[in-house]
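Number of protein chains: 2
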Amino acid sequence: MKQPKVTVVDVARAAGVSKSTVSLVLQGSSLVNETTRARVGAVIRELGYVYNRGAANLRQSKSKIVGIVVNDLTNSFFAELAVGMDMVVQSAGYIQFMANTSENADRQGEVIASMREHGMAGLILSPARGTTAADLKPLVDSGIPVVLVARNVPGLKVSSVVSDGHAGAMSAVRHLIELGHRRIAFLGGFNDTAVFDERMRGFRDALVEAGLDASDELVISSAPSRAGGVAAVERMLAMRDRPTAALCFNDAVAFGACDGLRSARIEPGVDFGVIGFDDVIEAKTAVPALTTVSVDPQGMGRRAAQLLLKQINAGDFDAEAMVAAVRLVVRESCGAPQRVKELTA
Amino acid sequence: MKQPKVTVVDVARAAGVSKSTVSLVLQGSSLVNETTRARVGAVIRELGYVYNRGAANLRQSKSKIVGIVVNDLTNSFFAELAVGMDMVVQSAGYIQFMANTSENADRQGEVIASMREHGMAGLILSPARGTTAADLKPLVDSGIPVVLVARNVPGLKVSSVVSDGHAGAMSAVRHLIELGHRRIAFLGGFNDTAVFDERMRGFRDALVEAGLDASDELVISSAPSRAGGVAAVERMLAMRDRPTAALCFNDAVAFGACDGLRSARIEPGVDFGVIGFDDVIEAKTAVPALTTVSVDPQGMGRRAAQLLLKQINAGDFDAEAMVAAVRLVVRESCGAPQRVKELTA
DNA sequence: CTCGTAATTTAGATCGTTCCAAATTTCAAG
DNA sequence: CTTGAAATTTGGAACGATCTAAATTACGAG
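Residue numbers (the working numbering), protein chains in the order written: chain A, 1 to 345; chain B, 1001 to 1345.
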């Protein structure tokens, strides 16, 4: 039941005007007479005309399409990020190519190439693990605005929106120290990523600041997932001098850590302090509710999208690095104040 | 640093051939001589030529773009669904417009219209609540393949991939009956949705089959969320003749139900049987681990995408309704077998 | 009426590709 | 050498919009 598609020419013929006039009506130009506009409008509706944006883009050589490439949509942090971008992109009248890379840099390269062929106006990328500056260089050099989000790629002159991992980690560790903890671990995350490095340095700096042990053995890296959290906690429990609390690389790791603690009959939030990072949706409703460093992923997504749109509209732009503020949200997983008293007593 | 873009004509000139030949090379035609192909290929790489798929689409009036519209990406069920679709769409060399509607039917209408203008070849839609057949009628009539996923829209002749809510609910209820429960409730979900209706009928049919009470008061609808679960369980506990177990509309409701039971000092999985629906990631690790009807969202997404691609490739197609099999995953929230003995003793 | 200016409308080129039909080259057989 | 079929290559017209510059129409003033 394929309808023969109707074009501006068909509309023009039916309305008794030229295609130029129809085009003018389409873009809401004030040059066209009110009665003509009405007539053309009526014909458009009657014929069920569908605007062919591709043809328009070809002529104008610009599009209202942005690319959004995310490394892991099943992780609710990145899903939230995507939703935030989606909001502002849609509201600005743009539409997005969105793709998930599953942390696969090759696949990432393919989808970015494809998006380029389709004429995207700009790209927001949460880079897959292992993305190099060289991977992105050609795209960036072509003059298409690119905004990196959540993760950075060292050695690339490009805009980015990331959270302040260092400050977040410091405030989390300071909180644990105030609660009386003296031996604190850092759990999870791949140690070859910039994000890991930043959070881990925040962790270290806070320990050093308080004159506490900050030796390497306290940093236990693993996959940044729930399973990785379980694994990391197991290794931690095997230590001679066991920590009494831990800062986790992200919330997923923190949940995994809680699972791991429970199966060792250690109750998180009571016998052991756990702090996460990201503040995903589930953090609030988990049991125990997770104390975590909130980075407002949706807000970051919005920020990134706004930055990208700004750069698209400004013909000319400079790379701009935004660091999103974070704040510690204290819930129950690191011990309530009254319990702390017992702990320190 | 905007590069002047190179086109087939530029490549042709540089390689000393005609643009037709370049085009042939681009589409890997066997008509072109091997040495010419190599020369053109070299020039393409050297000049950094980027294929303009928009122009090609215009000429051929077909595209390799599909639309994916999801009602709530922050819900991990739908995120998994999206990832499943993404996989097969990408592998087939297609690229996707993806948009989130946040259950807003108006926004959904806008993005679908926009995707249409951009010339998508087909659409996979997980419709927002309140989507009517009339909303989708024009699109479907235009001959563009549409596949509905996860939710159906009554009165629309269009393909769909949904889970077998009826069978899933029946098997869940049968399981509860085997465990010795004789009075079972159905909790949560909006009673004006097709999904609710289907699951609820499965619930009823299983009760009737066993000769048990299936009266209306046992069906307590509410928002399909954690909060809705709490509310529903409260209403249930106020009944004269209290049920001893419940099938919940989805896992979120089930988690809420557990919360509600606990605050009434009833331990889910011990004093009361709870079964969920969907098998979201958290179901496995919750305490108690949730017995639930697993629907493999990622698999459903893949299935839907395959169906869509099939319809795109077949010029002509019929609406096809797929029902994804489900299976009951028994964990701990409905009482382990040994506990059942005590219960029935 | 005629003119000039403002208000509308329009023809035709153009964007970067594909496709058709025709032109050109290649080459083995006669 | 021809010659004809096979192998390659190519010019020019699409595709459906926009844009420029020019044509046409409208209309109040002289």
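Positions of the beta carbon are idealized from the N, C-alpha and C atoms, including for glycine.
| Query | Result |
| --- | --- |
| F186 of chain A, enclosing beta strand (DSSP E) - first and last residue | 184-187 |
| 8 Å Cβ cut-off: residues of chain B touching N57 of chain A | G1054 |
| Secondary structure of N250 of chain A, DSSP reduced to three states | coil |
| Inter-residue spacing [alpha-carbon to alpha-carbon] between M1239 of chain B and L1307 of chain B | 46 Å |
| Contacting residues, own chain, Cβ-Cβ under 6 Å from S1225 of chain B (five flanking each side not counted) | A1252 |
| T1132 of chain B to G1143 of chain B span [Cα, whole Å] | 18 Å |
| V1111 of chain B: contacting residues in chain A (beta-carbon distance under 8 Å) | Q90, I95 |
| Closer than 8 Å to chain B by CB, M1 of chain A | Unreliable placement is indicated for M1 of chain A, whose pLDDT of 47 sits below 50; the coordinate value is still reported in the next sentence. At least one chain B Cβ lies under 8 Å of M1 of chain A. |
| The beta strand (DSSP E) enclosing A99 of chain A, as first and last residue numbers | 95-100 |
| Segment contact flag, the stretch 1009-1017 of chain B with the stretch 190-206 of chain A, C-beta cutoff 8 Å, min 3 pairs | no |
| Beta bridge counterpart(s) of R1204 of chain B as assigned by DSSP | BP columns for R1204 of chain B are empty, so no partner. |
| Member of A:V329, A:E320, A:F190 whose CA lies at the smallest distance from the CA of V295 of chain A | A:V329 |
| CA-to-CA distance, Q1311 of chain B to P4 of chain A, given in whole angstroms | 19 Å |
| Environment of A38 of chain A [buried if 16+ CB atoms lie within 10 Å] | exposed |
| Reference R1235 of chain B; option with closest CA among B:A1257, B:A1042, B:S1215 | B:A1257 |
| Neighbour-count burial assignment, K62 of chain A, 16 or more Cβ in a 10 Å radius | exposed |
| Rounded Cβ spacing between G301 of chain A and V83 of chain A (contact assumed at less than 8 Å) | 7 Å |
| Minimum length 3: unbroken beta strand (DSSP E) runs contained in the stretch 58-124 of chain A | 65-70, 95-100 |
| Backbone secondary structure at F1272 of chain B - three-state DSSP | strand |
| Closer than 7 Å at the beta carbon, the chain A residues around N1100 of chain B | V83, D86 |
| Alpha-carbon spacing of S1263 of chain B relative to L1156 of chain B, whole angstroms | 44 Å |
| Classification of K64 of chain A by the beta-carbon crowding that lies within 10 angstroms, buried from 16 upward | buried |
| Distance CB(A1245 of chain B)-CB(H1166 of chain B) smaller than 8 Å | no |
| Under the three-state DSSP convention, the category M1 of chain A falls into | Residue confidence is low: M1 of chain A scores 47 on pLDDT, short of 50, so the model does not pin down where it sits. No coordinate-derived value is stated. |
| Interface residues of the stretch 1110-1130 of chain B facing chain A [CB-CB below 9 Å] | E1110, V1111, A1113, S1114, M1115, R1116, E1117, H1118, G1119 |
| 7 Å Cβ cut-off: residues of chain B touching T292 of chain A | In chain order: nothing, as chain B lies at least about 16 Å away. |
| Per-residue DSSP class, three states only, for I1220 of chain B | strand |
| Neighbour flag for R331 of chain A against chain B, beta carbons, 8 Å | no |
| Contacting residues, own chain, Cβ-Cβ under 6 Å from F77 of chain A (five flanking each side not counted) | D278, V280, P297 |
| Residue from A:L261, A:P138, A:N250 with nearest C-alpha to R242 of chain A | A:L261 |
| Stretch-stretch touch, CB-based, cutoff 8 Å, three pairs: the stretch 66-74 of chain A with the stretch 98-115 of chain A | yes |
| C-alpha distance - R13 of chain A paired with L24 of chain A, whole-angstrom precision | 15 Å |
| Same chain only: Cβ atoms within 8 Å of R1331 of chain B, ignoring 5 sequence neighbours per side | A1283, K1284, P1288, A1289, L1290, T1291, T1292 |
| Continuous alpha helix (DSSP H) stretch holding A1042 of chain B: start and end | 1034-1047 |
| CB contact flag (G188 of chain A, C248 of chain A, <8 Å) | yes |
| Counterpart residues of A321 of chain A in DSSP-defined beta bridges | A:S160 |
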